[in-house]
Every structure is written in structure tokens, then in C-alpha cells.
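Residue numbers (the numbering used here), protein chains in the order written: chain A, 136 to 392; chain B, 136 to 392. All residues carry an ideal CB built from backbone N, CA and C; glycine is no exception. Owing to the predicted nature of the structure, the values given are computational and were not obtained by experimental measurement. Reviewing the structure listed below.
Protein chains: 2
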Amino acid sequence: MTRTETLSESLEDYLETIFLLIREKAVARSRDIAERLKVSRPSVTGALQALAERALVNYEPYGHVTLTPAGEVEAKRVVRRHGVLKDFMVKVLSIGEAEADATACRMEHAVSKNVVDRLVEFAEFVETCPRAGAKWVHGFGYRCQEAAADPSQQSCERCIEQCLTDVKKRKQKGNKTIASATLKDLKPGERGQIERLLGGGPVKRRIADMGVIKGSLVEVVRVAPLGDPIDIKIKGYHLSLRKEEAAGIAVSRLPEK
Amino acid sequence: MTRTETLSESLEDYLETIFLLIREKAVARSRDIAERLKVSRPSVTGALQALAERALVNYEPYGHVTLTPAGEVEAKRVVRRHGVLKDFMVKVLSIGEAEADATACRMEHAVSKNVVDRLVEFAEFVETCPRAGAKWVHGFGYRCQEAAADPSQQSCERCIEQCLTDVKKRKQKGNKTIASATLKDLKPGERGQIERLLGGGPVKRRIADMGVIKGSLVEVVRVAPLGDPIDIKIKGYHLSLRKEEAAGIAVSRLPEK
DNA sequence: TAAGTATGTTAGGCAAGTCTAATAAATACT
DNA sequence: AGTATTTATTAGACTTGCCTAACATACTTA
């Protein structure tokens, strides 16, 4: 009668790894899990049994491992936390990929949904607001030391003026392009800001459930060979859309980072 | 022959708690440690023994617990990580005190010095750069939604213009005040930006060791009754300065958050 | 100063998570 | 098809970190 409601860090790791392996290689073999997690094979077996007991994976000895619906939900939550933390470290804090990944692995067990959401919002804000923007963020170590070194803060003034002209430019250009682009038109790696959700089908519900509002950032992760389905990332969530669905989401393109 | 080099999360927690208790109440009693950490008394004894084995605390049965120099160094590192993470969540992410504290408790074991340092730099940058600033950060959930809702981005433009005039104002006022203030003049809670380190004594070395440069943020945490010593926070480190030492650090006052 | 109470320690047990060594099943290769 | 090899599992041991119960020491105060 081992009825543990909370998932230990260790089990979260296993669940995450299983999810990612299934994504990547279609099946999650015990061997691969052990390798990724740097543990012995028997440890994996033990974890699998524990996860099965909690009804998060379908497991039987020597059989294939799959996630139950509940397990998938849980795994996605962990994966999202990991991704958000890593993204934040890489894009905002300018930490190297490898270190960000390793740190995210350890941090992902510690943060609540609330903190993750704030992190996403903040990162979006920083990358979106013309007063900040990706360039500003990446220069944070340099530009403002310069400003501090110069008490008259000339450089800050210049910097802000530059920003102001950027906004004006964007404003002019913006009015032309905004109406035309939809999510379907973006290429992998491109990012956009949501303008409107046309057609109120289940898609609208699905992404509205994630707290997506007008102005939220969306990134196209992958587009399948025939343009269908389209893999997107919104607010740290991954989502798969059919081509027609993506066509119903009006976005304005965002400049590459 | 238990020679473990790395400190477990659990032991880090004990070390941190001991350090804080000594700070607050002069002595760390087993009872209080147990209460803070929500563990039983025997668990504390066990942890104390483990820490003593690692030469981080001076411990003998029924005796007072003190930190060894090595233990103090380690404890300070943990405390700093905790403080930096919490500060970031509270000040930048606008997370509530309680949740930020609890989350920091769990995250503090996961982040490397590098990440902590970047976090500090970024938070300082955000709070210092006139293009961002505390007000901007706190409004991040609101101001830019407004901007996004309005494709012509009028509000952003206004916002930036406001920022520009702020800089001009600060520039005028700044030239008068900068020269006069030193760290000794700040009251608890006030923050300033380091202008110069006058006199090259050991203090200069001590704080220069922490990566403090011209422009770094400094916050006065506590001033003892007679103005000596002064407790300050720099780059997430806590430091105690004598009055004369503080007088040798020229700062420009920063507006309250 | 001699109970009586608060505080700290030892002993012993339990759960989680890991390991190695040995065994069983599945897959691959003549 | 039958052996070889790879892959997965069981068994058993160890560590960490926690607990409760019982015992030991230190402090308090009548």
C-alpha cells in the first residue's frame, strides 16, 4: 500500500527521460534511460516499477514502456519547467547551453508552476518590450558598465534615443506586415507575437487554456515535411498544430534574436 | 573512512540554519535547528556529527555548536545563493516573499556560483539601467500588454520618452549629489551605486575580491546603534564595515524601489 | 541542593535510491 | 534451428536521511 502522492526528484527525472526518449526514438529502452541518467540498469527497473505503481507508466517485465495519460501530463510539466529554466538562463542570463541544461536539470524539481509562469512572462517581456529587447539583454554586462563609468550618463541617453528611433521604425513597418502573417507562414526558429485568434474552434480553447493572450510570444519549433503538423512553443508549452489550425492564428513576426 | 567531498542538500540546509541562528541568536541550539528545519532532534544530532566529520562545525556532545572557518565559508556561500535567488524572485519576478523564500530554499542547492553571479548582475542591471529600472520591472505584466494591444505602440513610445526625460533629470541632479555621498551616509534600506573606492586599505581588497566594480549596487542592511559597524550587501554578499571604512566608499544614492 | 523540566544523545528501524553480481528473456547470427 | 550476444530483471547489500522510544545530561527553581 505504497500510496505516495508526490513524485520524488528522482522519479521526475526518470519520467522526463522516458518522455524525451519516446519523443526522439519512438521507444524508451531501459538501456538508454540508464545511459542518459547515468545510473545502472537495475536502478531503471526499480524506478519503472515505482512509476508503474503510481500509474504513470505502463510497464511489464521485458515489455515496452509507455506513458499513461497521467504520466504524460506529469512528464510534460517537468519538461516544460526544464525548458523554461534553460531558456531563461541561455537567453536572458547568457549562460552557456551546457551549463544551463545541467543547472535546469537540478532546478526543475524546485520551482512551482507559479514561478515558472512568472519567469516565462518576464523573459517574454524582456524580449518583446522595445525598451529592453534581445540586444539590450545580451549587452547587459557591457553597456551599463560603460554608463556607470560615465557619471553624465551620455551613453545611456544615446542608447535610449536609439531605442526610440527603433520603435518609430518598427511602427511604420509594423502597420504593413502585421495583417498578413499567420502562424503557418513562420519558418522553424522564427518567432512571432500573437495578434488574434481567428475562428473559435478547439485550438483557441487549447491555447487559451495556457494563459495565452494577445501579445504572447510564439515560436515555431519544427515543421513536418508537408507543413503538417507544426510544432510550436507558447509560454513554455509545446504544442502540435495542424496546418489549418495554424493558419487561424494571426501573428506579427519578431526579429531574430 | 567516510570522506565525502561534496555536501548533500540536507547538510547544506543544516549548515545554513546553524549560520543564521548564530547570526540571530548568538548560539545555535539543537532544539531551534530542529524546529526551523522541521525535523526531529535526533536528526539534528546526526547531521551535526556528519558536519563535524567534515570539519565544518565544532561539535562535541552536549556542547555548543560553532562553525569552523571552513564551515563559515561554506555556510556563507549557501546563504548568499539563497538570498540572491529570493531577491531575484521578489524584486524582478514580483513573487511573494513567502513563496520566494520557500522556492529559494529548494533551488539554492542547484545553482552554481556562475549562475548566481549572472543573476546578480542581471538584477543589478535591470534595477540600474535607466532603460529598465524598478518601476519598469514591476509593471512588466501590465505596461507591455497595453503596448501589444495597441499595434501602433503609442504607449511604448510615450513610455520611452518618459524614460528619456527621467535620465535628463537624473543627469542634472546627479552632478550635484554624486560627489557628496558616501556609504556612511546611507540609512538602512537605502541603496547606492559605487562611484569610487577611496583609500586602498584592506577594505578595498575585501570588496574588490567580490567582483565589485564602479557602478555596482550596494545596499545598507543594518546600522548598529552608534553607526558602527555597518552591515551592507554587495553582489549578494553580506559584509560588515566600520564607520571609517564606509566613509571611504563614495556612492550615488539610488531612488527607493 | 534536590527534584523536575527542558534539551540532547543513543539505539534501532524504515524508506528511497543506488550499486554489483547473478539470472532470465529477447534478439541476432550463423 | 541453435547458439551467442545483448538487454532486462531479481537478489542482496550499502548509504543517506529520516523517524520513535528510551536514556543521559544540563538547567531551574522551590
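So, is residue i buried or exposed, given that buried needs 16 or more other C-beta atoms within 10 angstroms?
i	result
residue 355 of chain A	buried
residue 152 of chain B	buried
residue 162 of chain B	exposed
residue 184 of chain A	exposed
residue 150 of chain B	buried
residue 197 of chain A	exposed
residue 142 of chain A	buried
residue 351 of chain B	buried
residue 324 of chain A	exposed
residue 276 of chain A	Its pLDDT being 47, under 50, residue 276 of chain A is placed unreliably in this model, and the coordinates cannot settle the point.
residue 344 of chain A	exposed
residue 119 of chain A	Past the edges of chain A, shown from 136 to 392, lies residue 119 of chain A, and the structure says nothing about it.
residue 248 of chain A	exposed
residue 360 of chain B	exposed
residue 259 of chain B	buried
residue 322 of chain B	exposed
residue 182 of chain A	buried
residue 289 of chain B	Because residue 289 of chain B carries a pLDDT of 48, less than 50, the predicted location of this residue cannot be relied on, and the following value inherits that uncertainty. Classification of residue 289 of chain B: exposed, given that the 10 Å Cβ count is below 16.
residue 319 of chain B	buried
residue 245 of chain B	buried
Beta strand (DSSP E) containing residue i: first to last residue?
i	result
residue 385 of chain A	384 to 389
residue 164 of chain A	Run containing residue 164 of chain A: none; DSSP gives neither H nor E here.
residue 86 of chain A	With chain A running from 136 to 392 in the structure shown, residue 86 of chain A is simply not present.
What are the start and end residues of the alpha helix (DSSP H) that includes residue i?
i	result
residue 338 of chain A	337 to 343
residue 354 of chain B	Residue 354 of chain B -> not in any alpha helix (DSSP H); beta strand (DSSP E) instead, spanning 352 to 358.
residue 232 of chain A	232 to 242
In three-state DSSP terms, what is residue i?
i	result
residue 201 of chain B	strand
residue 375 of chain B	strand
residue 252 of chain B	helix
residue 150 of chain B	helix
residue 317 of chain A	strand
residue 189 of chain A	coil
residue 312 of chain B	Per-residue confidence for residue 312 of chain B stands at a pLDDT of 47, beneath the threshold of 50, marking its modelled position as unreliable; no derived number is given.
residue 363 of chain B	coil
residue 211 of chain B	helix
residue 157 of chain A	helix
residue 368 of chain A	strand
residue 221 of chain B	helix
residue 245 of chain A	coil
residue 229 of chain A	coil
residue 346 of chain B	coil
residue 172 of chain B	helix
residue 141 of chain A	coil
residue 323 of chain B	coil
residue 196 of chain B	coil
**Q.** Touch test, the stretch 250 to 257 of chain B against the stretch 210 to 226 of chain B, Cβ-Cβ under 8 Å, three pairs minimum
**A.** yes
Q) Any chance the stretch 197 to 210 of chain A sits against the stretch 156 to 167 of chain A, with 3 or more Cβ pairs inside 8 Å? A) yes
**Q.** Near-chain A residues of the stretch 235 to 250 of chain B (beta-carbon distance less than 7 Å), N- to C-terminal order
**A.** 238, 241, 242, 245, 246, 247, 249 and 250
Q. Can you find at least 3 beta carbon pairs, one from the stretch 326 to 345 of chain A and one from the stretch 372 to 384 of chain A, that sit closer than 8 Å?
A. yes
Q: Inspect the CB distances between the stretch 183 to 195 of chain B and the stretch 230 to 242 of chain B and report whether three or more fall short of 8 Å.
A: Short answer: they don't touch.
Q.
At a CB distance below 9 Å, what residues from the stretch 216 to 228 of chain A approach chain B? Give them in sequence order.
A. 224, 227 and 228
Q: Flag this pair as touching only if the stretch 172 to 181 of chain B and the stretch 360 to 367 of chain A have three or more C-beta atom pairs under 8 Å; answer yes or no.
A: no
Q. Which residues, in chain order, does the stretch 355 to 370 of chain A contribute to contact with chain B at a C-beta distance below 9 Å?
A. For the stretch 355 to 370 of chain A, the set of residues with a beta-carbon nearer than 9 Å to any beta-carbon of chain B is empty.
Q.
To be precise: take each residue of the stretch 315 to 333 of chain B, compare its Cβ to all Cβ atoms of chain A, and keep it if any distance is under 7 Å. Which residues remain?
A. 328
Q. In the stretch 136 to 169 of chain B, which residues sit with their C-beta less than 9 Å from some C-beta in chain A, listed in chain order?
A. none
Q: With 9 Å as the limit, tell me which residues of the stretch 170 to 202 of chain B have their beta carbon closer than that to any beta carbon of chain A; keep them in chain order.
A: Residues: none.
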